[in-house]
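Numbering-wise (our numbering), the sequence shown opens with residue 15 and increments by one. C-beta: ideal position from N, C-alpha, C; glycine also. Predicted model only: the values in this text are computed from it and were never measured.
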Amino acid sequence: QQRWEHQNEINARMNDVDAIYTTPGFQVARDLLDKYRIKYIFVGEVEKLYYPAIGLEKIYSGLDGKLEKIYDQHGVVIMKVKNM
Numbered sequence: 015q016q017r018w019e020h021q022n023e024i025n026a027r028m029n030d031v032d033a034i035y036t037t038p039g040f041q042v043a044r045d046l047l048d049k050y051r052i053k054y055i056f057v058g059e060v061e062k063l064y065y066p067a068i069g070l071e072k073i074y075s076g077l078d079g080k081l082e083k084i085y086d087q088h089g090v091v092i093m094k095v096k097n098m
């Protein structure tokens, strides 16, 4: 039998990543960015197919100044997380 010592932590982090991309609420996303000390958010073709537009629009909008767009070409957007 294979042991999965950290499976709960992995699942929790995957759920949090999904929440960053899907939740329409700015504060939830901002809190999760801080929790994991995330420096960049990538939105490419896979993210556009997988996540709802309302969540991605929240990211594109910059989360009330928390994110800065540093790349936007060829269907890819990269947002830098600002320290606030």
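Suppose contacts are defined by Cβ-Cβ distances below 8 Å. Is residue i in contact with residue j by that definition?
i: Pro38; j: Ile73; result: no
i: Tyr35; j: Leu81; result: no
i: Tyr54; j: Met93; result: yes
Do you know whose CA, among the options, lies nearest residue i's CA?
i: His88; options: Glu59, Lys94, Leu70 and Gly76; result: Glu59
i: Asp30; options: Lys49, Val90 and Lys96; result: Lys49
i: Val95; options: Phe56, Lys62, Ala33 and Gln21; result: Phe56
i: Tyr64; options: Asn22, Ser75 and Ala33; result: Ala33
i: Phe40; options: Val90, Lys83 and Ser75; result: Ser75
i: Asn97; options: Ile84, Tyr85 and Gly79; result: Gly79
Is residue i buried or exposed, if buried means 16 or more other CB atoms sit within 10 Å of its CB?
i: Leu77; result: buried
i: Lys62; result: exposed
i: Ala26; result: exposed
Per DSSP, which residues does residue i bridge with? Please list them.
i: Ile92; result: Phe56 and Tyr85
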